[in-house]
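K.L.:
Let me give you the structure first, and then I'll get to my questions.
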Amino acid sequence: MNLSLLDLGIIVAYLVLSLGIGFWISKRASRNIEGYFLGGKELKWYYLGLSNASGMFDISGTMWMVYLLFIYGLKSIFIPWLWPAFNQIFMLVFLSIWLRRSGVMTGAEWIRFRFGDSQGAKLSHIIVVVFALVNVLGFLAYSFIGIGKFSAGFMPWQLSSDPHLNEVYYGLILTFITMLYVVKGGMYSVVITEVVQFFIMTIACVAIGIIAMQQVSPEMLAKAVPQGWDEIQFGWTLNLDWSAILPAANSKIAEDGYSMFSIFMMLVIFKGVLQSMAGPAPNYDMQRVLSARSPTDAAKMSWFVSVVLLIPRYMMITGLAILALVFFNDELNGMGPDVDFEQILPFALANYVPSGLLGLVLAGLLATFMSTFAATTNAAPAYVVNDIYKRYINPNAPDKTYVYLSYIISIVFVVLGTAIGLFIPTLNGLIMWIVSALYGGYTAANVLKWYWWRFNGYGYFYGMLTGIVAAIPLMFTDVSPLNAFPALFLLCLIGCVLGTLLTPADDMQVLKNFYLKTRPWGWWQPVLLEIQKEHPNVRANTYFKRDMANVVVGIIWHSGLIAAPIFLVIQQFIPMTIALAVVIVCSVFLKVFWWNTLEDYPADMPAKLV
Numbered sequence: 001m002n003l004s005l006l007d008l009g010i011i012v013a014y015l016v017l018s019l020g021i022g023f024w025i026s027k028r029a030s031r032n033i034e035g036y037f038l039g040g041k042e043l044k045w046y047y048l049g050l051s052n053a054s055g056m057f058d059i060s061g062t063m064w065m066v067y068l069l070f071i072y073g074l075k076s077i078f079i080p081w082l083w084p085a086f087n088q089i090f091m092l093v094f095l096s097i098w099l100r101r102s103g104v105m106t107g108a109e110w111i112r113f114r115f116g117d118s119q120g121a122k123l124s125h126i127i128v129v130v131f132a133l134v135n136v137l138g139f140l141a142y143s144f145i146g147i148g149k150f151s152a153g154f155m156p157w158q159l160s161s162d163p164h165l166n167e168v169y170y171g172l173i174l175t176f177i178t179m180l181y182v183v184k185g186g187m188y189s190v191v192i193t194e195v196v197q198f199f200i201m202t203i204a205c206v207a208i209g210i211i212a213m214q215q216v217s218p219e220m221l222a223k224a225v226p227q228g229w230d231e232i233q234f235g236w237t238l239n240l241d242w243s244a245i246l247p248a249a250n251s252k253i254a255e256d257g258y259s260m261f262s263i264f265m266m267l268v269i270f271k272g273v274l275q276s277m278a279g280p281a282p283n284y285d286m287q288r289v290l291s292a293r294s295p296t297d298a299a300k301m302s303w304f305v306s307v308v309l310l311i312p313r314y315m316m317i318t319g320l321a322i323l324a325l326v327f328f329n330d331e332l333n334g335m336g337p338d339v340d341f342e343q344i345l346p347f348a349l350a351n352y353v354p355s356g357l358l359g360l361v362l363a364g365l366l367a368t369f370m371s372t373f374a375a376t377t378n379a380a381p382a383y384v385v386n387d388i389y390k391r392y393i394n395p396n397a398p399d400k401t402y403v404y405l406s407y408i409i410s411i412v413f414v415v416l417g418t419a420i421g422l423f424i425p426t427l428n429g430l431i432m433w434i435v436s437a438l439y440g441g442y443t444a445a446n447v448l449k450w451y452w453w454r455f456n457g458y459g460y461f462y463g464m465l466t467g468i469v470a471a472i473p474l475m476f477t478d479v480s481p482l483n484a485f486p487a488l489f490l491l492c493l494i495g496c497v498l499g500t501l502l503t504p505a506d507d508m509q510v511l512k513n514f515y516l517k518t519r520p521w522g523w524w525q526p527v528l529l530e531i532q533k534e535h536p537n538v539r540a541n542t543y544f545k546r547d548m549a550n551v552v553v554g555i556i557w558h559s560g561l562i563a564a565p566i567f568l569v570i571q572q573f574i575p576m577t578i579a580l581a582v583v584i585v586c587s588v589f590l591k592v593f594w595w596n597t598l599e600d601y602p603a604d605m606p607a608k609l610v
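Under the UniProt record's numbering, the first residue of the sequence shown carries the number 1, and numbering increases by one thereafter.
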């Protein structure tokens, strides 16, 4: 790709702006450890929402979803349920409020809030730190792979004659630049920079969607895709036959294992609901929730993420996919069985975005990489410094010591994550391992911690340990992590239950404090009875049915927000209108039965705990 001086100037100006914000804000971020990791809990919910949306709008995920839409058509809106994409609905309805009521700084600190300071709690604390750091390394490797593939496709300089080394060198350069601003500025830098990035990114998304609508007519698209590509509904099988257009696509569908689409959807829904009920993994999403000013602000932040993220993001994804479908098929067919569908995004940009706008689009896509990488990097020192060094090694160090150590830990994890990324060839393989194997091992213990009073620190430790140990070998085998999820979940569940029932219950005072502040629904009756001896007005959470109704409506609302921009860009305006109508009806329902019912703490909460 030959970039004009104007395009290069826009990209350089953006990178300088990002670094400038990081260093300008660093003085405020380095006042103390809470300021560095949580922004002092001073950031407004809509800023955090924009930041979280920007952090989720990553270049690696965008490349993956462009490929999904290209191959699977409208049915691809369900495939990201692997993450699961709808976990934000569970967050906004109840989990963000429950999580933020704790008042802690990290996921590992939350474990102490839930299980106390017993030996089992200490083991749980250690295992969640281990999981969090493995998770951080996985996502840093994922981001590195994506930015290397992307940047090598558009940068005008060939740093190596070997295409793979060229991707590596560009990945290293952009990783280093991103590391500088996030290490220096902490959460303040991450959030403020991501708000700027979000607006750049939105302009880029809308521009690509419009360009695609001008370049690709509905008739041109119909000739480039198999029958059923533009239909959301599906049967027992996928029923997409690419044989006459792009035979390699059929091989890719078989390799992905999605041909029996109904079975795939059953596994995805089973896995997605359980993982959503478990709450956020200890990563950047959890850090945003804990950074909110109040529990209701945390819920509003989770809602705002979907509102501002989905429509612009899917305009870009759809625009890039249909440009490639119509104009890139010959090149893809020429690659034979070794076709690289992850090159669709660079191709579409190189050939169909005009100079000037291209620089802005590329800056916006660089922003998506920097957002995710920065947010992930900021999570690592929160666990190492706050949950290991401060707790076990030097609990009374000056705040400056903790902040400076955070700089070092961030650098170390960037280096390790990058090194891992050098040995992983594809995004799809790493994504499947993270969302199905690693998170599969996380699910059982983290579901039980919210909903079962008897579940203790030992149960959490043995369940999580089983999951991590079982997940790691799946990275090096041909077993599908998604197909392995039910067995992995069952194995971890057995570890949780045996670990719990064969060891003493946690201290009742710890359980009472947790339940009073968090107030989850579930099996908490013995704890509630103990609380009522001292606080007879305290009542159980009876909102399970209301919350589940809001979740169902919220998932429909979320799906409508995805479908509407896809139908817009492919110019199917009647289905687009139906999707928007669904969004409006669901929005009214959520306004009445969710937004209007939000409360920071239950009315019967003892005043001393608020």
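Every residue, glycine too, gets a C-beta built ideally from N, C-alpha and C.
Does DSSP put W157 in a helix, in a strand, or in coil?
P.N.:
coil
K.L.:
So for W595, helix, strand or coil by DSSP?
P.N.:
helix
K.L.:
Is W452 helix, strand or coil when you go by DSSP?
P.N.:
strand
K.L.:
Please state the DSSP three-state secondary structure of W523.
P.N.:
strand
K.L.:
Look at D547 and F176 and say whether their C-beta atoms are less than 8 Å apart.
P.N.:
Between D547 and F176, the gap from beta carbon to beta carbon reaches 8 Å or more.
K.L.:
For G228, which option in P218, A299, G457 and L240 has the closest C-alpha, if you only look at C-alpha atoms?
P.N.:
L240
K.L.:
Roughly how many angstroms lie between the CA atoms of residue 612 and P486, to the nearest whole one?
P.N.:
No statement about residue 612 is possible, as the shown extent of the chain runs from 1 to 610 and does not include it.
K.L.:
Helix, strand or coil for L422 per DSSP?
P.N.:
coil
K.L.:
May I have the straight-line CA-CA distance separating L221 from I556, to the nearest angstrom?
P.N.:
27 Å
K.L.:
Suppose the cutoff is 6 Å on Cβ atoms and the five residues either side in sequence are ignored; what does the same chain contact list for I79 look like?
P.N.:
L68
K.L.:
Measure from the alpha carbon of P520 to the alpha carbon of each residue in W450, I408 and A350, then state which is nearest.
P.N.:
The option with the nearest alpha carbon to P520 is W450.
K.L.:
Which residues bound the alpha helix (DSSP H) around G467?
P.N.:
G457 to L474
K.L.:
Excluding the 5 residues flanking F113 on each side, which residues of the same chain have their C-beta closer than 6 Å to its C-beta?
P.N.:
S102 and V104
K.L.:
Measuring straight from C-alpha to C-alpha, what distance separates F37 and I11?
P.N.:
Residue confidence for F37 is low, a pLDDT of 43 falling below 50, so the modelled location carries little weight and cannot support an answer.
K.L.:
Using a Cβ-Cβ cut-off of 8 Å (strictly less than) and excluding sequence neighbours within five positions of P337, which residues of its own chain qualify?
P.N.:
A248 and S251
K.L.:
Is DSSP giving S118 helix, strand or coil here?
P.N.:
Here S118 sits in coil by DSSP.
K.L.:
Assign T237 to one of three DSSP states: helix, strand, or coil.
P.N.:
coil
K.L.:
Measuring only between beta-carbons, confirm whether L267 sits less than 8 Å from chain C.
P.N.:
Judged by its chain identifiers, the structure shown contains no chain C, having just a single protein chain.
K.L.:
Roughly how many angstroms separate the alpha carbons of V553 and D285, rounded to a whole number?
P.N.:
22 Å
K.L.:
Which whole-angstrom value is the C-beta distance of A379 and Q275, which I expect to be below 8 Å?
P.N.:
18 Å between Cβ atoms; not a contact.
K.L.:
From Y439, E530, D506 and I574, pick the residue whose C-alpha is nearest to that of V134; which is it?
P.N.:
Y439
K.L.:
Starting from the C-beta of G138, find all residues in its chain whose C-beta is less than 6 Å away, skip the five residues before and the five after it, and write them out in chain order.
P.N.:
I434
K.L.:
Could you check if residue 617 is buried or exposed, using at least 16 other CB atoms within 10 Å of its CB as the buried criterion?
P.N.:
With the chain running from 1 to 610 in the structure shown, residue 617 is simply not present.
K.L.:
Return the residue from the list G49, W64 and L6 that minimises the CA-CA distance to Q343.
P.N.:
W64
K.L.:
Can you tell which of L561, L422, R539 and M179 has its C-alpha closest to the C-alpha of Y601?
P.N.:
R539
K.L.:
I'd like to know whether the C-beta atoms of A437 and L490 end up nearer to each other than 8 Å.
P.N.:
no
K.L.:
So, for L99: in the same chain, excluding its five sequence neighbours on each side, which residues have a beta-carbon less than 6 Å away from its beta-carbon?
P.N.:
Here the set comprises V289.
K.L.:
Whole angstroms are fine: how far does the CA of T376 sit from the CA of K122?
P.N.:
For K122 and T376, the distance between alpha carbons rounds to 25 Å.
K.L.:
For the candidate residues T62, L358, L238 and W242, whose alpha-carbon lies nearest to that of S259?
P.N.:
It is L238.
K.L.:
Given a threshold of 16 other Cβ atoms within 10 Å of its Cβ, counted over all protein chains shown, does F423 qualify as buried or as exposed?
P.N.:
exposed
K.L.:
Go ahead and pull the three-state DSSP assignment for N513.
P.N.:
helix
K.L.:
Could you check whether V206 and P346 sit closer than 8 Å to each other, using their CB atoms as the reference points?
P.N.:
No, the Cβ-Cβ distance between P346 and V206 is not below 8 Å.
K.L.:
Would you call the CB atoms of A204 and V361 closer than 8 Å?
P.N.:
yes
K.L.:
Below 6 Å CB to CB, which residues in the same chain sit around A445 once its five sequence neighbours on both sides are set aside?
P.N.:
Y460, G463, M464 and C496
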